[in-house]
Each structure stands twice: as C-alpha cells, then as structure tokens.
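Number of protein chains: 2
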Amino acid sequence: MTITPQHIAEMDAADPLAHFRDEFAIREGLIYLDGNSLGCLPKRTVARMNRAVTQEWAEGLITSWLGADWVNSPTRIGDKIGELLGAQAGEVIAGESTSINIFKALTAAVSLQEGRRVLLTETGNFPTDNYMMQGLARFGDLECREVEPDAVLDALDEDVAVLLLTQVHYKTARIRDMAQVTAKAHEKGVLVVWDLSHSAGAIEVDLNASNADFAVGCGYKFLNGGPGAPAFLFAARRHHHADPVLSGWFGHARPFDFDGQFEPAQGIDRFQCGTPPVLGMSALEEGVDLMLEADMSALRQKSIALSELFVDLMEQRCGEYGFEFICPKNSAERGSQVAFAHPEAYAMMQALKARDVIGDFRAPDIMRFGITPLYLSFADIAQGVERLRSICQSREWDRAEYRTRAAVT
Amino acid sequence: MTITPQHIAEMDAADPLAHFRDEFAIREGLIYLDGNSLGCLPKRTVARMNRAVTQEWAEGLITSWLGADWVNSPTRIGDKIGELLGAQAGEVIAGESTSINIFKALTAAVSLQEGRRVLLTETGNFPTDNYMMQGLARFGDLECREVEPDAVLDALDEDVAVLLLTQVHYKTARIRDMAQVTAKAHEKGVLVVWDLSHSAGAIEVDLNASNADFAVGCGYKFLNGGPGAPAFLFAARRHHHADPVLSGWFGHARPFDFDGQFEPAQGIDRFQCGTPPVLGMSALEEGVDLMLEADMSALRQKSIALSELFVDLMEQRCGEYGFEFICPKNSAERGSQVAFAHPEAYAMMQALKARDVIGDFRAPDIMRFGITPLYLSFADIAQGVERLRSICQSREWDRAEYRTRAAVT
Numbered sequence: 001m002t003i004t005p006q007h008i009a010e011m012d013a014a015d016p017l018a019h020f021r022d023e024f025a026i027r028e029g030l031i032y033l034d035g036n037s038l039g040c041l042p043k044r045t046v047a048r049m050n051r052a053v054t055q056e057w058a059e060g061l062i063t064s065w066l067g068a069d070w071v072n073s074p075t076r077i078g079d080k081i082g083e084l085l086g087a088q089a090g091e092v093i094a095g096e097s098t099s100i101n102i103f104k105a106l107t108a109a110v111s112l113q114e115g116r117r118v119l120l121t122e123t124g125n126f127p128t129d130n131y132m133m134q135g136l137a138r139f140g141d142l143e144c145r146e147v148e149p150d151a152v153l154d155a156l157d158e159d160v161a162v163l164l165l166t167q168v169h170y171k172t173a174r175i176r177d178m179a180q181v182t183a184k185a186h187e188k189g190v191l192v193v194w195d196l197s198h199s200a201g202a203i204e205v206d207l208n209a210s211n212a213d214f215a216v217g218c219g220y221k222f223l224n225g226g227p228g229a230p231a232f233l234f235a236a237r238r239h240h241h242a243d244p245v246l247s248g249w250f251g252h253a254r255p256f257d258f259d260g261q262f263e264p265a266q267g268i269d270r271f272q273c274g275t276p277p278v279l280g281m282s283a284l285e286e287g288v289d290l291m292l293e294a295d296m297s298a299l300r301q302k303s304i305a306l307s308e309l310f311v312d313l314m315e316q317r318c319g320e321y322g323f324e325f326i327c328p329k330n331s332a333e334r335g336s337q338v339a340f341a342h343p344e345a346y347a348m349m350q351a352l353k354a355r356d357v358i359g360d361f362r363a364p365d366i367m368r369f370g371i372t373p374l375y376l377s378f379a380d381i382a383q384g385v386e387r388l389r390s391i392c393q394s395r396e397w398d399r400a401e402y403r404t405r406a407a408v409t
Numbered sequence: 001m002t003i004t005p006q007h008i009a010e011m012d013a014a015d016p017l018a019h020f021r022d023e024f025a026i027r028e029g030l031i032y033l034d035g036n037s038l039g040c041l042p043k044r045t046v047a048r049m050n051r052a053v054t055q056e057w058a059e060g061l062i063t064s065w066l067g068a069d070w071v072n073s074p075t076r077i078g079d080k081i082g083e084l085l086g087a088q089a090g091e092v093i094a095g096e097s098t099s100i101n102i103f104k105a106l107t108a109a110v111s112l113q114e115g116r117r118v119l120l121t122e123t124g125n126f127p128t129d130n131y132m133m134q135g136l137a138r139f140g141d142l143e144c145r146e147v148e149p150d151a152v153l154d155a156l157d158e159d160v161a162v163l164l165l166t167q168v169h170y171k172t173a174r175i176r177d178m179a180q181v182t183a184k185a186h187e188k189g190v191l192v193v194w195d196l197s198h199s200a201g202a203i204e205v206d207l208n209a210s211n212a213d214f215a216v217g218c219g220y221k222f223l224n225g226g227p228g229a230p231a232f233l234f235a236a237r238r239h240h241h242a243d244p245v246l247s248g249w250f251g252h253a254r255p256f257d258f259d260g261q262f263e264p265a266q267g268i269d270r271f272q273c274g275t276p277p278v279l280g281m282s283a284l285e286e287g288v289d290l291m292l293e294a295d296m297s298a299l300r301q302k303s304i305a306l307s308e309l310f311v312d313l314m315e316q317r318c319g320e321y322g323f324e325f326i327c328p329k330n331s332a333e334r335g336s337q338v339a340f341a342h343p344e345a346y347a348m349m350q351a352l353k354a355r356d357v358i359g360d361f362r363a364p365d366i367m368r369f370g371i372t373p374l375y376l377s378f379a380d381i382a383q384g385v386e387r388l389r390s391i392c393q394s395r396e397w398d399r400a401e402y403r404t405r406a407a408v409t
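So the sequences go chain by chain: A and B. Counting along the first sequence from 1, when you hit position 363 you're at 363 in full-length UniProt numbering, and nothing is skipped either side. Counting along the second sequence from 1, when you hit position 117 you're at 117 in full-length UniProt numbering, and nothing is skipped either side.
Structure, rendered in structure tokens:
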C-alpha cells in the first residue's frame with residue numbers, strides 16, 4: 001500500500017503523545033533524528049536552570065545543599081529514573097558519566113565473585129563499555145573476553161565473574177532479552193551489568209522483573225537531560241553489600257563527619273563517589289520529570305509506528321538508492337532507532353544536515369536515525385525521508401564539502 | 001594598635017582588586033566567608049549558561065560538539081586552569097569530580113611504579129582523598145599507609161609508589177612546600193599526587209617549577225565554577241605515557257572511530273574518560289576566565305591582608321570568648337582561610353548564619369572562614385567579626401535551634 005500524505009496526517013491526528021512536542025524547544029523546519037545521541041531541550045529546563053543558577057547558587061550558596069536539597073539529588077533523581085525502569089526506590093542513583101558508572105558496576109560485581117576473574121562482553125559493544133572493561137582488566141589482573149554477539153550465551157561459564165551487555169545496540173538497535181540473558185547467566189553464577197543508554201526512556205524496561213543485577217545508562221539521550229548530563233547506576237537491593245571501589249566521600253555512611261576511614265553507606269548511596277554535579281543534575285531532573293508524564297507503553301507503541309513508517313517510506317521513496325536496513329525487521333526486537341548502511345553514508349548525512357535533517361553517522365558506513373516519540377511527529381519522518389530522496393535524486397551528497405570528514409560527526 | 005573603621009576604609013580604598021566585587025552576584029548584607037566551600041556566582045555566568053542551554057543545546061544540538069567546541073572543553077578549560085597553576089598547555093584537563101581525578105592520578109602513578117605497592121598519605125587529609133586511596137588499595141591489592149602529618153617525609157621509602165597530599169589543608173590551612181616535598185619524594189623514587197582543591201585560585205602555585213608529577217583540584221571553590229563543578233587533573237608531560245585505568249571513550253586516540261580496542265590518546269587527553277559534562281563545564285569556564293583576569297600575586301597579597309585583619313580583629317574584639325586560632329600564625333604558611341576551634345563552634349556558626357554571616361563548621365569543633373579576595377572587602381571581614389562579637393556578647397548562640405545538628409552544614 002502506498003503511504004499518502006493523508007495517511008500521515010491521520011497518524012498525527014490520532015497520536016495521544018502529540019502534545020508533548022510543545023514541551024520542547026525545537027527550531028521550526030528542523031527534522032531532528034538524533035535524540036538518541038543528544039535529546040532536545042525541554043522548555044521547562046530553561047526556567048529550572050535559571051533558578052539553579054540565580055537562586056539556588058547565587059542566593060542560597062552553600063545552604064542550598066540542604067535548602068534546595070542538592071544533597072539528595074543523586075537518590076531523588078535516581079528514584080525517578082528507577083520508576084521508568086522497573087526499579088524500586090533506593091536502587092538507582094544519578095551522577096557521574098556512563099563510563100564511570102560502568103566501572104562502578106563492574107568492580108562491584110567483581111567484588112561479589114570471589115575466585116572468578118573473567119569479564120565477558122560482545123565484540124561491537126559500544127566502545128566505552130569495552131574500553132572501561134579493558135582498563136579494569138589491565139589494572140585488576142582480570143581477563144577480558146570478547147566474543148561475537150551470538151556466542152555470548154555459550155561463553156558463560158564458571159570462570160566468568162560478570163557479563164557486560166548493552167540492551168539496545170547502538171548501531172543495529174537489536175534488543176537483548178534482559179530476563180532471558182540474566183537467567184542464563186545466573187545459571188552459571190555470572191552477574192550481569194546492563195548498559196541501558198539506548199533503553200532508558202526509549203523502550204519498556206523492567207529491571208526487577210528481569211532479575212537484573214546491575215545496570216547503567218545515559219542521561220543525555222532519550223531522557224533529555226542535556227549535553228554530558230549525569231548518568232545513572234542501578235544495583236539490585238540484594239547486591240547493596242558489594243564493595244564500592246570508587247569510594248568517594250559521598251558514598252560514606254556519614255560524609256559530613258569527615259572520618260578518616262571509609263565506611264560505606266547502607267544501600268545504593270555507597271555507590272556515590274564525588275560531589276554531585278548540581279547544574280547538570282538540575283537539567284537532568286527536568287528531562288526525567290517530563291518523561292515520567294508520558295505513558296511508557298504509549299511511547300513504545302508510537303516509537304514502533306514511527307520506525308515502521310520510516311522503514312516503509314525508505315522502501316517506497318528511496319528504494320532504488322541502495323540503502324540496506326541493518327536493524328532487526330521485527331519491531332519487537334528493535335529499539336527506538338533505525339539504521340541503514342550505505343557506501344556514501346557519511347556524505348549523505350552531511351547533505352541531510354545542510355537540508356536541516358540531523359541524524360548520526362556511525363563508522364564505517366551507517367546512517368543512524370533516532371526515533372524520539374516525545375517530540376517527533378509522523379510528518380517529521382515523512383519529511384525527513386523526502387529530503388533524503390531529494391538528495392539521492394540530485395546526487396547532492398556528491399559534493400567535496402560533504403565528503404570531507406570532521407573529527408566528530 | 002587598635003584597628004579603627006578608618007583603617008578599614010583606607011584598606012578598601014587602596015585595594016587594587018576591589019572592582020572584581022561587581023563581577024559577582026552577592027546579596028546585599030550577606031557576609032560570605034565560605035567561598036572555599038562553594039564560590040559565589042560570577043554575573044557573567046548567567047549569560048553563559050543561558051547561551052549554553054538556549055543556543056548551544058536547543059539550537060545547535062548535536063552539532064555543538066564541534067560548533068560550540070564542546071568536544072575540546074576539557075583541554076581548553078584545562079589549559080586555562082593550568083595557566084593559574086604554572087602548568088604548560090596540554091598538561092591539565094577539566095572534568096569529572098575531584099574524587100574520580102584522585103583515582104585517575106593514583107592509578108596512573110602506580111602504573112609507572114612497577115614493584116612498589118604502598119600508597120602513602122597523612123592522617124587528617126581531606127576524607128575523599130583517603131577514601132579513594134583506600135578503595136584503590138582494597139581493589140588493587142596495594143597497601144595504604146597513613147602517617148601523622150609531620151612523619152610524612154620520614155615515611156618515604158623504596159616501597160612507596162605514590163604519596164598523596166593536599167597542598168593547603170582543608171581545616172588548618174597549612175601550606176605544604178610543594179617543591180621541597182616533591183624533591184624529597186623523588187629522592188626515594190616516589191611520585192607525588194597533589195590535591196590543589198584549596199590552592200587553585202587561592203595561592204600562587206607553580207607546578208612545573210616544583211617538578212610536580214600529578215595534581216588534582218576542585219572547580220567549585222576558589223575557581224567559582226558552580227555547585228559540583230567539574231574538577232581538574234594535571235599530569236606532567238613526562239608522565240603522559242602512564243596507563244589510564246579509567247579508560248573511557250574520550251581518552252581514546254580516535255574516539256569517533258568507534259574502535260573495539262582502547263588505544264590511549266597521546267598527551268593529557270588519555271586521562272579523559274566519559275562524555276564531558278557540558279553544562280557544568282560552561283559555568284566553570286566563566287569562573288576560570290574571571291580568575292585569570294586577576295593578578296595572582298595581588299590576589300595572594302590581599303588574601304594575606306584580609307586574613308591578618310581577621311585574626312587581629314578576633315584578638316581585639318572577640319579575645320575574651322575562648323577562640324583558639326588553629327592555623328599557622330605565619331601568613332606565608334597559611335592558605336586562604338582562617339579557622340578557630342571553639343567548644344560551641346557548631347551553634348555559633350548557626351547563630352552567625354542567622355545574622356547573615358556564612359562560614360563552615362568542620363567537625364568536631366572548628367569554625368572555618370574562607371577568604372576569597374576576588375569578592376571580599378576589608379569591611380566584610382570587620383563586619384563579620386563584629387557580628388560574631390555580638391553573638392558572643394549576647395550568648396545568642398545558646399539557643400536550642402542553633403544547637404540541633406543538621407545532616408550537612
């Protein structure tokens with residue numbers, strides 16, 4: 001069936017989440033398909049940042065640690081993120097970067113696994129996950145084992161302390177079955193650390209129903225927490241006795257007693273480390289609060305509908321230009337993005353940018369488009385594909401300026 | 001000699017840094033003596049944050065990594081901080097918390113010290129420094145050795161890999177002689193990690209002239225970078241081959257190639273880890289830029305003059321109330337704060353707060369007052385001491401409401 005403008009209009013008219021678009025500051029004309037790299041600015045965040053700077057900081061100064069509850073921001077925001085992910089209150093903290101939280105989760109898991117020295121992951125995992133694992137292994141005299149994605153379950157054995165996996169793959173969008181993988185790992189006594197960077201605010205996650213051990217994730221993608229936003233860490237309550245290797249003062253049982261010896265806090269607080277990054281936390285909280293207003297199941301449904309529209313239109317409108325869809329075809333197995341391989345992926349992404357369509361190039365030849373149902377309409381998707389078609393028709397991408405690689409894309 | 005209001009007025013009139021006060025948003029009437037805990041808001045930071053949020057984030061979105069140079073913010077701001085500290089360009093990065101940077105510096109130093117397994121520090125060092133060391137030792141099978149402050153130099157031996165010291169003590173303000181300690185340590189083959197949290201922007205520091213190895217420090221104190229601001233890390237160029245244990249993607253030689261194996265960047269970049277916290281970095285940069293406009297030697301001179309005035313007035317006006325000055329009496333050996341022990345320190349600090357004088361209580365019995373010459377006047381000091389005198393005279397501190405301890409002070 002050919003999709004017509006009429007169909008698109010009907011889908012937008014029937015969209016129960018359409019009103020969320022007004023909550024975001026998005027420039028007229030821009031088709032932003034990169035919210036899985038950096039989410040858009042919630043309008044309410046402007047006022048919040050202004051308050052954080054000109055009231056909490058300037059006027060409250062040091063008294064805002066209590067007065068504006070800065071001191072509890074890691075657990076307060078953590079609890080809210082936990083609500084999105086099927087965690088209980090007191091199982092999630094916000095703070096630091098995803099990379100640092102990966103290190104925290106891996107070392108905590110290792111501390112629980114006396115005698116096991118292998119860290120397992122898959123090749124092609126998001127680089128920083130594996131880099132952090134490699135650094136830990138070098139230092140901690142552990143062994144890194146990286147196997148092909150399909151070989152992960154078979155590689156679980158009694159030597160493996162911890163398995164580190166990303167739930168939604170950053171290139172292919174493939175969703176791992178969290179409950180199933182966790183169960184298989186537990187059969188062999190292996191603990192699992194899940195990276196939820198492309199899951200949180202994107203797909204339905206139920207950490208406790210999946211019997212998850214540890215998880216980390218990113219605040220600046222689907223949670224719309226702002227550039228370089230604080231990340232988060234989940235530790236199941238049964239693991240709260242694990243050793244926090246990055247044992248900074250905010251993880252102490254009584255940080256403001258200024259004791260000489262580290263005594264870990266009870267509960268998730270022990271995985272805090274340095275002073276919380278208050279300004280970043282303020283922006284993150286607004287993004288999370290907004291996400292909590294949306295029904296996660298409706299969000300997922302819309303994400304699937306937008307993605308399917310994208311794929312169908314690519315077939316109909318760009319079918320002759322050699323794009324290869326590299327994500328799982330079954331929507332249930334695909335996260336909230338679509339990606340296509342094309343030999344000219346880099347230049348095309350640049351040409352799209354010149355036409356006010358922003359997506360992500362991922363080496364070597366992938367065009368990745370984030371699907372963020374809170375602020376994308378069906379018309380956005382249709383318009384984005386039309387602009388790509390036009391670029392292909394005219395071979396507009398074949399200009400020197402689009403083929404020159406920048407350091408970051 | 002009795003200090004008169006006339007003297008105070010003359011000192012303020014002769015102050016070459018007086019105009020900096022206008023650069024800060026400080027409420028009328030407030031005497032803020034806690035800038036060594038959280039620096040005041042530079043007025044220019046308001047516009048910068050607004051730009052970072054409503055232009056760089058909202059409009060530039062992902063393109064701001066290049067377009068607004070977010071990607072280079074760790075080294076760009078690091079270079080500026082380095083300028084304050086006698087480091088060369090390319091020896092300092094900004095980012096993460098002080099605690100995390102302590103871990104980075106300690107592990108980098110240990111990686112250079114094959115066969116040495118002892119981490120040395122002094123008792124009574126700022127807690128997070130020692131906590132991080134303790135966590136590292138537990139995990140890395142290293143030995144933590146904590147000795148009394150005066151025993152540090154004698155404890156240097158061939159087993160010690162790294163000595164961790166704070167240059168300006170957070171309670172007593174005692175300044176360690178960086179060049180002398182470093183030389184003594186090097187004689188025994190020991191590397192030194194300096195915590196400059198109470199030094200940066202407070203006293204004159206010359207890292208390279210002192211032959212320093214590694215240093216870390218805080219962005220939210222004298223640098224006025226905002227609550228929970230990113231911290232910084234210095235590594236002398238000769239140590240840039242050290243192993244970055246926290247090897248996140250921003251420390252990779254080519255982060256945006258998304259390689260599977262970690263290959264450390266050349267230079268200081270290898271000590272980066274996660275995605276930079278852009279909003280916090282923006283605020284930090286304004287604070288650092290402002291500090292760079294001041295002459296560091298004039299700043300130090302004024303800091304000493306303000307501190308001496310404080311001590312003299314405490315003697316003159318509060319001499320009969322039992323305060324014990326716990327800092328070095330020689331100004332050259334004292335950082336930019338003064339501290340007094342008093343059995344009622346906690347209640348008095350609360351009573352001062354009710355009178356709009358903000359200082360810091362540090363357990364068990366210390367009243368700590370930060371001296372921040374960029375925005376404090378001599379009149380502020382005189383006024384602060386007067387209010388304390390009045391509280392002592394009236395025994396105003398002896399109210400139940402001031403004696404009840406809060407979790408954070």
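Just so it is clear, CB atoms sit at the ideal spot from N, CA and C, and this is done for glycine as well. Only a predicted model underlies this, so the values are computations on that prediction, with no experimental measurement involved.
- Use the C-beta contact count for residue 210 of chain B: other C-beta atoms within 10 angstroms, 16 or more gives buried, fewer gives exposed. The residue labelled residue 210 of chain B in the question sits at position 210 within the second sequence. Looking at its Cβ environment, which holds 16 or more other Cβ atoms inside 10 Å, residue 210 of chain B is buried.
- Message: If the criterion is Cβ atoms closer than 7 Å, does the pair residue 345 of chain B and residue 361 of chain B meet it?
- Response: On the second sequence, residue 345 of chain B is found 345 positions in, with the first residue counted as 1. On the second sequence, residue 361 of chain B is found 361 positions in, with the first residue counted as 1. Between residue 345 of chain B and residue 361 of chain B, the gap from beta carbon to beta carbon is short of 7 Å.
- residue 22 of chain B versus B:377, B:386, B:396, residue with shortest Cα-Cα distance: The residue given as residue 22 of chain B occupies position 22 in the second sequence. Of the candidates B:377, B:386, B:396, the one whose C-alpha sits nearest the C-alpha of residue 22 of chain B is B:377.
- Tell me whether the beta-carbon of residue 77 of chain A lies closer than 7 Å to the beta-carbon of residue 94 of chain A. Locating residue 77 of chain A in the first sequence gives position 77, where the first residue counts as 1. Locating residue 94 of chain A in the first sequence gives position 94, where the first residue counts as 1. It is a contact, given that the beta carbons lie within the stated cut-off.
- Which residues in the same chain have their Cβ closer than 6 Å to the Cβ of residue 6 of chain A, if we skip the five residues on either side of it in sequence? Locating residue 6 of chain A in the first sequence gives position 6, where the first residue counts as 1. Nothing listed; no residue qualifies.
- In chain B, which residues lie less than 9 Å from residue 57 of chain A when you measure between Cβ atoms? Indexing the first sequence from 1 puts residue 57 of chain A at position 57. Per Cβ cutoff of 9 Å: 25, 38, 40, 41, 45, 226, 227, 283.
- Message: Using a Cβ-Cβ cutoff of less than 6 Å, which residues in the same chain neighbour residue 310 of chain B once the five nearest sequence positions on both sides are dropped?
- Response: Counting from 1 along the second sequence, the entry for residue 310 of chain B is found at position 310. Leaving aside the five residues that flank residue 310 of chain B on each side, the residues in its chain whose CB is nearer than 6 Å to its CB run, in chain order, 338, 381.
- Query: Taking the alpha-carbon positions, what's the residue 219 of chain A to residue 45 of chain A distance?
  - Reply: Residue mapping note: residue 219 of chain A aligns to position 219 of the first sequence, counting from 1. Residue mapping note: residue 45 of chain A aligns to position 45 of the first sequence, counting from 1. Between residue 219 of chain A and residue 45 of chain A, the C-alpha separation is close to 14 Å.
- Complete beta strand (DSSP E) runs within the stretch 223-269 of chain B (minimum length 3 residues, chain order): Runs found: 232-235.
- Task: Select from B:238, B:275, B:396 the residue whose C-alpha is nearest the C-alpha of residue 267 of chain B.
- Result: Here residue 267 of chain B refers to the residue found at position 267 when the second sequence is read from its first residue. Per the Cα distances, B:238.
- Along chain A, in chain order, which residues have C-beta atoms closer than 7 Å to that of residue 181 of chain B? Position 181 of the second sequence, counted from the first residue, corresponds to residue 181 of chain B. Those within 7 Å of residue 181 of chain B in chain A number zero; the least Cβ separation is about 21 Å.
- Message: Taking 7 Å as the threshold (beta carbon to beta carbon), is residue 88 of chain B in contact with chain A?
- Response: One-based indexing of the second sequence puts residue 88 of chain B at position 88. Chain A contact via Cβ: absent.
- chain B partners of residue 121 of chain A, CB-CB under 7 Å? To locate residue 121 of chain A, count along the first sequence from 1; it is residue 121. What residue 121 of chain A touches in chain B: nothing, since even the nearest Cβ is about 10 Å away.
- Give the secondary structure of residue 367 of chain A by DSSP, where H, G and I count as helix, E and B as strand, and everything else as coil. One-based indexing of the first sequence puts residue 367 of chain A at position 367. Look at residue 367 of chain A here: in three-state DSSP terms it is strand.
- Query: Cα separation between residue 165 of chain B and residue 398 of chain A?
  - Reply: Numbered from 1 along the second sequence, position 165 holds the residue referred to as residue 165 of chain B. Numbered from 1 along the first sequence, position 398 holds the residue referred to as residue 398 of chain A. Approximately 58 Å, taken between the alpha carbons.
- For my contact list, residue 291 of chain B and residue 153 of chain B are in at a C-beta cut-off of 8 Å; report their separation, rounded to the angstrom. Taking the first residue of the second sequence as 1, we reach residue 291 of chain B at position 291. Taking the first residue of the second sequence as 1, we reach residue 153 of chain B at position 153. 32 Å between Cβ atoms; not a contact.
- Which residues, in chain order, does the stretch 355-367 of chain B contribute to contact with chain A at a C-beta distance below 8 Å? Those would be 358, 360, 362, 363, in chain order.
- Message: Along the chain, where does the beta strand (DSSP E) containing residue 76 of chain B start, and where does it finish?
- Response: As a first step, residue 76 of chain B must be located in the second sequence, where it is residue number 76. From DSSP, residue 76 of chain B is part of no beta strand (DSSP E) but of the alpha helix (DSSP H) over 73-85.
- For residue 42 of chain A, which beta-bridge partners are listed by DSSP? Here residue 42 of chain A is taken as the residue at index 42 of the first sequence, counted from 1. The partner list for residue 42 of chain A (beta bridge, DSSP) reads A:24.
- Query: Do the stretch 269-285 of chain B and the stretch 245-261 of chain B make contact, defined as three or more Cβ pairs closer than 8 Å?
  - Reply: Segments in contact, yes.
- Query: So what does DSSP say about residue 318 of chain B, is it helix, strand or coil?
  - Reply: Sequence index remark: in the second sequence, residue 318 of chain B carries index 318 (1-based). Residue 318 of chain B: helix per DSSP, three-state reduction.
- For the alpha helix (DSSP H) that contains residue 360 of chain A, what are its first and last residues? Mapped onto the first sequence, residue 360 of chain A falls at position 360. From DSSP, residue 360 of chain A is part of no alpha helix (DSSP H) but of the beta strand (DSSP E) over 360-362.
- Message: Can you give me the C-alpha to C-alpha distance between residue 167 of chain B and residue 328 of chain A, rounded to a whole angstrom?
- Response: Within the second sequence, numbered from 1, the residue matching residue 167 of chain B stands at position 167. Within the first sequence, numbered from 1, the residue matching residue 328 of chain A stands at position 328. Taking the straight line from one Cα to the other gives about 56 Å.
- Using 7 Å as the limit for Cβ to Cβ distance, is residue 128 of chain B near chain A? Locating residue 128 of chain B in the second sequence gives position 128, where the first residue counts as 1. For residue 128 of chain B, the answer is yes, since a Cβ of chain A falls inside 7 Å of its Cβ.
- Message: Run through chain A and tell me which residues come within less than 7 Å of residue 98 of chain B, C-beta to C-beta.
- Response: Within the second sequence, residue 98 of chain B is the residue found at index 98, counting from 1. Listed along the chain, the chain A residues whose CB falls inside 7 Å of the CB of residue 98 of chain B are 274.
- Query: Of the residues that make up the stretch 244-262 of chain B, which ones have a beta carbon closer than 9 Å to any beta carbon in chain A?
  - Reply: Under the 9 Å Cβ criterion, the stretch 244-262 of chain B contributes 244, 245, 246, 247, 248, 249, 250, 251, 252, 254, 255, 256, 257, 258, 259, 260, 261, 262.
- Query: Should residue 185 of chain B and residue 41 of chain A be called a contact, given that it needs their Cβ atoms to be closer than 7 Å?
  - Reply: Position 185 of the second sequence holds residue 185 of chain B. Position 41 of the first sequence holds residue 41 of chain A. In this structure, residue 41 of chain A does not lie closer than 7 Å to residue 185 of chain B by Cβ.
- Query: Since residue 398 of chain A is in the beta strand (DSSP E), which residue starts that stretch and which ends it?
  - Reply: Against the first sequence, residue 398 of chain A aligns to sequence position 398. In this chain, residue 398 of chain A is not harboured by any beta strand (DSSP E), its DSSP state being neither H nor E.
- Query: In terms of residue numbering, what span does the beta strand (DSSP E) encompassing residue 205 of chain A cover?
  - Reply: Indexing the first sequence from 1 puts residue 205 of chain A at position 205. Following the DSSP letters along the chain, one finds residue 205 of chain A in no beta strand (DSSP E), marked with neither H nor E.
- Query: Hey, is residue 34 of chain A's beta-carbon within less than 7 Å of any beta-carbon in chain B?
  - Reply: The residue given as residue 34 of chain A occupies position 34 in the first sequence. With 7 Å as the cut-off, residue 34 of chain A counts as an interface residue toward chain B.
- Message: For residue 43 of chain B and residue 13 of chain A, I'd like the C-alpha separation in whole angstroms.
- Response: Position 43 of the second sequence, counted from the start, is the residue given in the question as residue 43 of chain B. Position 13 of the first sequence, counted from the start, is the residue given in the question as residue 13 of chain A. Rounded to the nearest whole angstrom, the C-alpha separation of residue 43 of chain B and residue 13 of chain A is 46 Å.
- Query: At what residue ranges does the stretch 128-160 of chain B contain a whole run of the beta strand (DSSP E), taking only runs of 3 or more?
  - Reply: Counting only runs of 3 or more, we get 143-147.
- Query: Listing by chain order, which chain B residues have their CB less than 8 Å from the CB of residue 70 of chain A?
  - Reply: Counting from 1 along the first sequence, the entry for residue 70 of chain A is found at position 70. Going along chain B in sequence order, the residues near residue 70 of chain A (Cβ under 8 Å) are 227, 228.
- Task: Run down chain A in chain order and give the residues with a C-beta less than 8 Å from the C-beta of residue 270 of chain B.
- Result: Here residue 270 of chain B corresponds to residue number 270 of the second sequence, with the count starting at 1. Within 8 Å Cβ-Cβ: nothing; residue 270 of chain B doesn't reach chain A, min ~11 Å.
- Item | Cut-off 6 Å between Cβ atoms - residues of its own chain near residue 296 of chain B, not counting five sequence neighbours on either side | Reading the second sequence from its first residue, position 296 is the one you call residue 296 of chain B. Answer for residue 296 of chain B: 204, listed in chain order.
- Please classify residue 191 of chain B: does DSSP put it in a helix, a strand, or coil? For the purposes of this step, residue 191 of chain B is taken as the residue at position 191 of the second sequence. Three-state result, residue 191 of chain B: strand.
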